[in-house]
Amino acid sequence: MAPIDTSKKSIVWVLGGPGSGKGTQCDKIVAKYGFTHLSTGDLLRAEVKSGSERAKCLTAIMERGELVPNEIVLDLLKEAILARAEESKGFLIDGYPREKSQGIAFEENIAPVSVIIYFEASSETLTQRLLGRAASSGRADDNEETIKLRLKTFLDNNDLVLAQYPDKLRRINAERPVDEIFAEVQSILDPLVA
Ligand code: AP5
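In the numbering used here, the protein residues as written are 34 to 227.
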């Protein structure tokens, strides 16, 4: 694969627990900066819908709140990045990496990350938000049992993921109104696109 020239196209990893607001903030980032938004959760759900061979095991794993094998996630990401590499102004990679090894594999196979935005919120807040969304999301993993498992998976891995990137990591308190959080996001991204 042709490497992405990150001096021209930034690669931003958008991380945070389940329900921390990654998708909400990515929508706002896309509207302001025109970046390409790739959510690994969305890519996986699209793959499940397509009924492909590699999708067969995915539903059960996601309903257990566990991580899908990285070969599958990284393949999907690579394909999506490659398909948009020419026209993209920069990439928002939402929900990846979720394990230390995923971060290493991404940088080895795709490109170095430019900056990492991490949305920080308590487990109580995350749970309340996801339960609030459950009625309308139609997502099989937005139920009390799976939310607990998603949180556990997140908590088991998160510190190790973040510890790998002390210089590129930007932590944002995500327990505030959406627009206040976005103001801080802009203070991180504005210098990147200047
Ligand atoms: P994924 O789809 O990525 O789910 P997630 O990480 O659990 O996060 P969500 O999409 O549910 O939440 P979000 O942070 O985007 O929050 P949102 O903006 O929607 O992953 C699903 C599954 O796929 C995983 O469990 C795993 O199995 C698999 N998977 C994905 N990536 C993988 C990977 N890299 N490797 C292996 N497996 C992988 O907001 C949530 C709610 O809160 C909304 O109702 C919103 O309106 C509200 N809200 C947002 N911001 C605020 C705010 N500031 N104040 C109040 N409410 C707010």
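Glycine is no exception: its CB is placed at the ideal position from the N, C-alpha and C atoms.
With DSSP as the reference, label residue i as helix, strand or coil.
i	result
Y129	coil
E141	helix
G54	coil
V47	strand
E153	strand
V211	helix
N176	coil
S72	strand
Within 10 angstroms of the Cβ of residue i, are there 16 or more other Cβ atoms? Answer buried if so, exposed if not.
i	result
S72	buried
P59	The displayed chain sequence assigns Cys, not Pro, to residue 59. Buried.
Tell me whether residue i counts as near the ligand AP5, meaning its Cβ is closer than 7 angstroms to at least one heavy atom of that ligand.
i	result
E99	yes
G74	yes
P199	no
G246	For the chain, the structure presents residues 34 to 227; residue 246 sits outside this window and is missing.
V211	yes
D174	yes
H77	A small correction: the amino acid at residue 77 is Leu; His does not occupy that position in the sequence shown. Yes; taking the cut-off as 7 angstroms, the Cβ of L77 has a heavy atom of the ligand AP5 nearer than that.
Output the distance between the C-alpha atoms of residue i and residue j, rounded to the nearest integer angstrom.
i	j	result
I37	L125	13 angstroms
V148	A216	17 angstroms
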